[in-house]
Amino acid sequence: MADEFAKGFTILVTAGLAWLTLAGWYNTPSFEGQQLTGADPTSGLTVYDQVALVLKDALFWFAILGFVTFVVVIPAIRKLREAYEGTPEVPE
Amino acid sequence: MSDNDNNTDIDEGDGPTADGSGIVAPDDETPTWSERKERSQGLSRLTYEYFERARREDQDLRVESDYVERDVLAFPAWPHEMVRNLALTSFFVGMTVFLAAAMPMHIGAPANPSNTPAVILPDWYLYWSFGLLKLGPLNPDLALLGGQKLMADRTYGVLANLVVVGFISIVPFLNKGAARRPVEQPFWAAVGVSGVVYAITISALSVKNLLPMDSHLLFDLTFLLPIVGACISYAVFKSMREGYMFELNRRYYRLRPPK
């Protein structure tokens, strides 16, 4: 379980940092305005900017879903399998 | 080991040696038959096997290792400690450099020294002290003084700071227990939780004119939420004591040195 938590946590912080950086570039209109949650820019986008916007959304959901997968889903599946097969519960 | 230092001609002393011999307990520590029976089943059996296996692994490592056992039980600073320290240092330096390069700090317009801003606030970590200055409704007015308050609200706020700082300073003397886990002492853990919640709520009270809620409700919640948090955490910690792992861990943590 500790291994799975480390994997999920690594995904969360690494992808989260990359998302934070991209959102800081593209979704923070001003220092005193919205932070990281502003609207996406629409005009004057180069190819790199468009790639970065797609990557930003992908990293955001990778951070969330990756963390949930390794910390919640996989341990839950193991517990369910243990219960289904009737093996004694292993304290973690 | 150490008591044989001046007897160089005697190689085999009573204490444990690096090859694992001499681990048999002395006569006065040999378990009785009832003690042997007590750990022959259930949780006590599991605990015994756990520590026996840990001891055996430790012994095997000592036998395999060429490390010279010394009286001081520790790792040398180089490389063991320094590798960890350098890894942590590199991480935080790298994070600072990365954030400074990727998202440089915004430098605003110069402040106008002749104009006080509409909202003045200390740094966030001093909000609690700022909030204590807004406890005016708690300042009792005494009828003896003809309806006048005993002290001004701002004096009262400053004295409230002294009360909070005084309470924090006596915390080490309130409970000097050796507990390292909240479940071992639910009451004191609940006191700690209420303190943390109060730090948050009193900070929120200091910015009450910025929060989108009724300031009277906020004032009441400032003192109600710490009590609610203490009750909830006490119930949670108390119920956690019932678990299987608590019994197992308590045996383990009993090995720590006394307070």
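From first to last, the protein sequence lines are chains A and B. In the numbering used here, each residue carries its 1-based index in the first sequence increased by 105. In the numbering used here, each residue carries its 1-based index in the second sequence increased by 269. Note that beta-carbon positions come from the ideal geometry of N, C-alpha and C, so glycine has one too. For clarity, every value in this text was computed on a predicted model and none was experimentally measured.
Between which two residues does the alpha helix (DSSP H) holding residue i run?
i, result
"methionine 509 of chain B", "484-509"
"threonine 119 of chain A", "107-131"
"serine 438 of chain B", "422-443"
"alanine 163 of chain A", "152-173"
"arginine 186 of chain A", "179-190"
"proline 455 of chain B", "455-475"
Are the C-beta atoms of residue i and some chain A residue less than 8 Å apart?
i, result
"aspartate 274 of chain B", "Below a pLDDT of 50, predicted positions are generally treated as unreliable, and aspartate 274 of chain B, at 44, falls in that range; the measurement from the model is reported next regardless. False, the Cβ-Cβ gap to chain A never drops below 8 Å."
"glycine 311 of chain B", "no"
"aspartate 278 of chain B", "Annotation note: pLDDT 44 at aspartate 278 of chain B (below 50); position unreliable, coordinate value reported separately. No, because no Cβ of chain A sits closer than 8 Å to the Cβ of aspartate 278 of chain B."
"serine 271 of chain B", "In this prediction, serine 271 of chain B scores a pLDDT of 44, lower than 50, which makes its location untrustworthy; the coordinate-derived value is nonetheless stated afterwards. No - not a single Cβ of chain A is within 8 Å of the one on serine 271 of chain B."
"lysine 528 of chain B", "No answer about lysine 528 of chain B holds up, because its pLDDT of 48 lies below 50 and its placement is not dependable."
"asparagine 518 of chain B", "no"
"glutamate 281 of chain B", "Any reading at glutamate 281 of chain B must be qualified, since the residue scores a pLDDT of 45, below 50, and its modelled position is unreliable; the value itself is stated next. It does not: the Cβ of glutamate 281 of chain B has no partner Cβ on chain A nearer than 8 Å."
Any Cβ of chain B within less than 8 Å of the Cβ of residue i?
i, result
"threonine 126 of chain A", "yes"
"valine 118 of chain A", "no"
"glycine 129 of chain A", "yes"
"phenylalanine 136 of chain A", "yes"
"arginine 186 of chain A", "no"
"threonine 192 of chain A", "no"
At the 8 Å Cβ level, is residue i part of the contact set with chain C, yes or no?
i, result
"leucine 390 of chain B", "Chain labels in this structure do not include chain C; the protein chains are A and B."
State yes or no: is the C-beta of residue i nearer than 7 Å to some heavy atom of the ligand MG?
i, result
"glycine 405 of chain B", "As presented, the structure is devoid of all ligands, the ligand MG included, so that no description of it is given."
Curious, which full-length beta strand (DSSP E) runs of at least 3 residues does the region 331-401 of chain B contain?
Listed in chain order, there is nothing to give.
Just by C-beta distance, which residues in the region 339-372 of chain B are closer than 7 Å to chain A?
Taking 7 Å as the Cβ-Cβ cut-off against chain A, the residues of the region 339-372 of chain B that qualify are Ala371, Met372.
Assess contact between the region 432-449 of chain B and the region 498-507 of chain B, defined as three or more Cβ pairs (one per stretch) separated by less than 8 Å. Is contact present?
As far as the Cβ criterion goes, the region 432-449 of chain B does not touch the region 498-507 of chain B, which means the pair count is below three.
Should the region 141-151 of chain A be called in touch with the region 170-189 of chain A, which here means at least 3 C-beta pairs below 8 Å?
Of all C-beta pairs linking the region 141-151 of chain A to the region 170-189 of chain A, fewer than three are shorter than 8 Å, placing the two stretches out of contact.
Across the region 455-469 of chain B and the region 478-496 of chain B, are there enough close Cβ pairs to call them in contact, namely three or more that are closer than 8 Å?
Taking 8 Å as the limit for Cβ pairs, the verdict is that the region 478-496 of chain B does touch the region 455-469 of chain B.
Segment contact, 8 Å Cβ cut-off, at least three pairs: the region 155-174 of chain A with the region 113-129 of chain A
The region 155-174 of chain A, when compared against the region 113-129 of chain A, does touch it at the 8 Å Cβ threshold.
Do three or more CB pairs link the region 381-401 of chain B to the region 470-485 of chain B at distances below 8 Å?
Contact holds: three or more Cβ-Cβ distances are below 8 Å.
Listed from N- to C-terminal order along the chain, which residues in the region 372-395 of chain B have their beta-carbon within a distance smaller than 8 Å of any beta-carbon of chain A?
For the region 372-395 of chain B, the beta-carbon criterion of a distance under 8 Å to any beta-carbon of chain A is satisfied by Met372, His375, Gly377.
Is it true that the region 146-165 of chain A meets the region 120-130 of chain A, where meeting means three or more beta-carbon pairs spaced less than 8 Å apart?
Touching, yes.
With three or more C-beta pairs closer than 8 Å as the rule, is the region 418-428 of chain B touching the region 474-485 of chain B?
With a cut-off of 8 Å on Cβ pairs, the region 474-485 of chain B is not in contact with the region 418-428 of chain B, counting fewer than three such pairs.
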